[in-house]
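Q: Numbering (the numbering used here), first residue to last: -14 to 144.
Dropping the structure here:
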């Protein structure tokens, strides 16, 4: 009988590894995270780009509730010009989930505060820099599918 080693891959927000995919065209390079991942298997994704949004793009926030309410059809995502971008965010979350399933992802490290990736706090929809408790759309969809979601501030003590 042949023994196979099961490899668990970590999903990482692309911006945390220096890819310029943030709304403003920049990134959130986290050198400590890069060191942590040195001997680990991982795959990267930017849900907003996977949803078809351009880079750069107008900043977006969930206007009521969090990612769960958006996925349940009870809330929307709007950019700072008032354009509804909900469907792009949902598409990006679904595409990210497809990648996670393809790579047997059990854990994700995503960018906190993002309307896609935040897992503890997200912006409140007022575009005033205020935070509220809750998950972004991708973080919520991953959680609903049994994937543990952490952010760049809390992965070290949990993984």
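The beta-carbon is built from N, C-alpha and C at its ideal position, and this holds for glycine as well.
Helix, strand or coil: how does DSSP classify residue 49 here?
A: It is coil, neither helix nor strand.
Q: If you draw a straight line from the C-alpha of residue 11 to the C-alpha of residue 42, how long is it?
A: Computed Cα separation, rounded: 11 Å.
Q: Is residue 60 helix, strand or coil by DSSP?
A: DSSP places residue 60 in coil when its eight states are reduced to three.
Q: Any chance the stretch 131 to 141 sits against the stretch 24 to 38, with 3 or more Cβ pairs inside 8 Å?
A: No contact exists between the stretch 131 to 141 and the stretch 24 to 38.
Q: Counting C-beta neighbours from all protein chains within 10 Å, is the total for residue 14 16 or more, i.e. buried, or is it exposed?
A: It counts as exposed.
Q: My assumption, with CB atoms under 8 Å, is that residue 65 sits in contact with residue 39. Please give the rounded CB distance.
A: 15 Å between Cβ atoms; not a contact.
Q: Find out if the Cβ-Cβ distance for the pair residue 48, residue 60 is shorter than 8 Å.
A: Taking 8 Å as the Cβ cut-off, residue 48 and residue 60 qualify as a contacting pair.
Q: Measure the alpha-carbon distance for residue 124 versus residue 68 and round it to whole angstroms.
A: Spanning the two alpha carbons is a distance of roughly 22 Å.
Q: Going residue by residue through the stretch 109 to 139, where are the continuous alpha helix (DSSP H) segments of at least 4 residues, counting only ones entirely within it?
A: Taking only runs of at least 4 residues, the alpha helix (DSSP H) segments lying wholly in the stretch 109 to 139 are 122 to 129.
Q: In angstroms, rounded to a whole number, what distance separates the CA positions of residue -4 and residue 9?
A: Going by the C-alpha atoms only, they are around 22 Å apart.
Q: With H, G and I counted as helix, E and B as strand and the rest as coil, what does DSSP make of residue 38?
A: Here residue 38 sits in coil by DSSP.
Q: Using the C-alpha atoms, what's the distance from residue -2 back to residue 27?
A: Distance between the alpha carbons of residue 27 and residue -2 is about 10 Å.
Q: Which of helix, strand or coil does DSSP assign to residue 95?
A: Reduced to three states, the DSSP call for residue 95 is strand.
Q: Whole angstroms is fine: what's the gap from residue 25's alpha carbon to residue -6's?
A: So the alpha carbons of these two residues sit roughly 8 Å apart.
Q: Where does residue 144 land, buried or exposed, given buried means 16+ other C-beta within 10 angstroms?
A: That one is exposed.
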